[in-house]
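Visitor: Before anything else, here's the structure in question.
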Amino acid sequence: MARGRPPAPKPELSRQATLFLEMMRAERNASAHTERAYSVDLSDYEAFLAARGSSVMACDAALARAYMAKLAARALSPRSAARRLSAMRQLHRFLLAENYRADDPLTSLEAPRIGRPLPKVLAEDEVARLIEAARRHAAKDGGRLVCFLEVLYSSGLRVSELAGLKLSALARDGSFLIVRGKGDKERLIPLAAPALAAIAAWRQARDKRSPKAAKSPFLFPSAAEAGHLTPARIAQLLKALAPRAGIAPQRLSPHVLRHAFASHLVDRGADLRAVQQMLGHADIATTQIYTHVGGERLKQVVAKHHPLARRR
Numbered sequence: 005m006a007r008g009r010p011p012a013p014k015p016e017l018s019r020q021a022t023l024f025l026e027m028m029r030a031e032r033n034a035s036a037h038t039e040r041a042y043s044v045d046l047s048d049y050e051a052f053l054a055a056r057g058s059s060v061m062a063c064d065a066a067l068a069r070a071y072m073a074k075l076a077a078r079a080l081s082p083r084s085a086a087r088r089l090s091a092m093r094q095l096h097r098f099l100l101a102e103n104y105r106a107d108d109p110l111t112s113l114e115a116p117r118i119g120r121p122l123p124k125v126l127a128e129d130e131v132a133r134l135i136e137a138a139r140r141h142a143a144k145d146g147g148r149l150v151c152f153l154e155v156l157y158s159s160g161l162r163v164s165e166l167a168g169l170k171l172s173a174l175a176r177d178g179s180f181l182i183v184r185g186k187g188d189k190e191r192l193i194p195l196a197a198p199a200l201a202a203i204a205a206w207r208q209a210r211d212k213r214s215p216k217a218a219k220s221p222f223l224f225p226s227a228a229e230a231g232h233l234t235p236a237r238i239a240q241l242l243k244a245l246a247p248r249a250g251i252a253p254q255r256l257s258p259h260v261l262r263h264a265f266a267s268h269l270v271d272r273g274a275d276l277r278a279v280q281q282m283l284g285h286a287d288i289a290t291t292q293i294y295t296h297v298g299g300e301r302l303k304q305v306v307a308k309h310h311p312l313a314r315r316r
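The sequence shown begins at 5 in my numbering and counts up by one.
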């Protein structure tokens, strides 16, 4: 019998770092993924300090800078280095707030400069082709693919939110979704008529499939342990659909549809604050990336079609 890969060793952390992670879990509702990432980052930071006879309780600005320089020497990407610095900063702010330390040695440290990549999006006609391809498949899957697409494109949900969507998330009048997203924050998202029709058609088909499916509290029930389809399975089904719409599979994912929802709204003049609220972004700066997407698209149009641009 083949032996599986042994589990990765748990990162060694100081008592103070462990208390910090416990606070993140209890007070900030940090996900298991976030907690694991912080554990790895802080373990590496503390190992560096220990090798120099120091610790998070004794670290000074010079040591913190030396650690960041070591990350740069390792050719760690600016984005990864910035994430690690963020974990360090939050740890030291916690130590200061809880009176473990009287100072914060990281206040003078600058984050590595990173360029923000523009999100990948689909054109409006490409989304229309996808939905049409899913409709042709509806006889086989009961309209589940159509429901995925219409709900994602109408609401901008994260794929984890779509996978675990419960029937109770539909407001009483059926025209809104009540979604609990990151940080356990609740938001209200209006649904367009095509999405409402797709949900109604899929619910009818799903309830006919089996008595067990009809009793499930989830919109997309499954035999999986969680009781609903996994995000990975939804992504897999969408990628399989892409070639039928003439779209390369690598260009399509649930997150690309979330980007399409936001960028198409902004392109058509939607209020940025409203888009922020529907996406569940804590900071409007995150939502503002979609204004750049529109700007880049306009630049491409000018470069391709303007006579002076062509002459150059």
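C-beta: ideal position from N, C-alpha, C; glycine also.
Within 10 Å of its beta-carbon, does Arg213 have 16 or more other beta-carbons around it, so buried, or fewer, so exposed?
Guide: Flag for Arg213 reads exposed.
Visitor: What's the gap between the Cα of Ala91 and the Cα of Met27?
Guide: Each residue's Cα considered, the two are about 13 Å apart.
Visitor: My understanding is that His62 touches Gly160, with C-beta atoms under 8 Å, so please give their C-beta distance in whole angstroms.
Guide: The sequence shown places Ala at residue 62, rather than the His named in the question. Not quite, the Cβ-Cβ distance comes to about 46 Å (not below 8 Å), so this is no contact.
Visitor: Can you give the Cα-Cα distance for Lys186 and Ala79, rounded to whole angstroms?
Guide: Rounded to whole angstroms, Lys186 to Ala79 spans 31 Å at the Cα level.
Visitor: Counting C-beta neighbours from all protein chains within 10 Å, is the total for Gly57 16 or more, i.e. buried, or is it exposed?
Guide: Exposed: under 16 other Cβ atoms inside 10 Å.
Visitor: For Met282, which residues of its own chain have a beta-carbon under 6 Å away from its beta-carbon, when the five flanking residues on both sides are left out?
Guide: Here the set comprises Gly160 and Ile193.
Visitor: Cutting at 7 Å between CB atoms, please list the residues of its own chain near Ser18, excluding the five before and the five after it.
Guide: Glu50, Ser59 and Val60, listed in sequence order.
Visitor: According to the neighbour-count rule (16 or more other Cβ atoms, all chains shown, within 10 Å of its Cβ), is Gly178 buried or exposed?
Guide: Answer is exposed; the Cβ neighbour count stays below 16.
Visitor: Buried or exposed: where does Glu154 fall if 16 or more other Cβ atoms within 10 Å of its Cβ makes it buried?
Guide: Burial call: buried.
Visitor: Helix, strand or coil for Glu16 per DSSP?
Guide: Correct three-state label for Glu16: coil.
Visitor: Would you call the CB atoms of Arg162 and Gly284 closer than 9 Å?
Guide: Contact flag set, yes.
Visitor: How far does the beta strand (DSSP E) with Leu192 in it extend, from its first residue to its last?
Guide: Start and end: Glu190 to Pro194.
Visitor: Compare the C-alpha of Val44 against each of Ala55, Glu31, Thr22 and Ala30 and name the closest.
Guide: The shortest C-alpha separation from Val44 is found at Thr22.
Visitor: According to DSSP, is Leu80 helix, strand or coil?
Guide: Three-state DSSP puts Leu80 in coil, outside helix and strand.
Visitor: Please name the residue, chosen from Val125, Ala196, Arg29 and Arg32, that lies closest to Asp271 on a Cα-to-Cα basis.
Guide: Looking at the Cα atoms, Val125 is the closest of the given residues.
Visitor: Assuming Leu25 and Glu39 form a contact by the criterion Cβ under 8 Å, report the distance between their Cβ atoms to the nearest whole angstrom.
Guide: Correct: roughly 6 Å between the Cβ atoms.
Visitor: Using only the alpha-carbon positions, how far apart do Phe224 and Leu169 sit?
Guide: Near 7 Å, if we compare the C-alpha coordinates of Leu169 and Phe224.
Visitor: If we ignore side chains and look at the alpha-carbon of each, how far apart do Leu241 and Leu149 end up?
Guide: Each residue's alpha carbon lies about 8 Å from the other.
Visitor: When you compare only the Cα positions, how much space is there between Arg105 and Arg93?
Guide: Using only the alpha carbons, I get a separation of about 13 Å.
Visitor: Label Pro221 either buried or exposed according to how many other C-beta atoms from any shown protein chain fall within 10 Å of its C-beta, with 16 as the threshold for buried.
Guide: Exposed, since its Cβ has fewer than 16 Cβ neighbours within 10 Å.
Visitor: Mapping DSSP to helix, strand and coil, what is Ile251?
Guide: Looking at Ile251 - three-state DSSP - the assignment turns out to be coil, as it is neither helix nor strand.
Visitor: Rounding to the nearest angstrom, what Cα-Cα distance links Lys74 and Ala54 in this structure?
Guide: Straight-line Cα distance between these residues: approximately 15 Å.
Visitor: Within a Cβ cutoff of 7 Å, which residues of the same chain sit near Arg184, ignoring the five residues on either side of it in sequence?
Guide: Glu190, listed in sequence order.
Visitor: Could you give the residue range of the beta strand (DSSP E) that holds Leu134?
Guide: Careful: Leu134 lies outside any beta strand (DSSP E), inside the alpha helix (DSSP H) at Glu128 to Arg140.
Visitor: If we require 4 or more residues per run, which alpha helix (DSSP H) segments fall completely within the region 15-79?
Guide: Entirely contained in the region 15-79, the alpha helix (DSSP H) runs reaching 4 residues are, in chain order, 19-31, 36-55 and 65-77.
Visitor: Residue range of the beta strand (DSSP E) that Leu181 falls in?
Guide: Unbroken beta strand (DSSP E) run through Leu181: Phe180 to Arg184.
Visitor: What do you get for Ser158, buried or exposed, if any count of 16 or more other CB atoms within 10 angstroms of its CB means buried?
Guide: Result: buried.
Visitor: From Ala217 to His96, what distance separates their C-alpha atoms?
Guide: Cα to Cα, the separation comes out at about 49 Å.
Visitor: In the structure shown, what three-state DSSP assignment does Leu113 receive?
Guide: DSSP places Leu113 in coil when its eight states are reduced to three.
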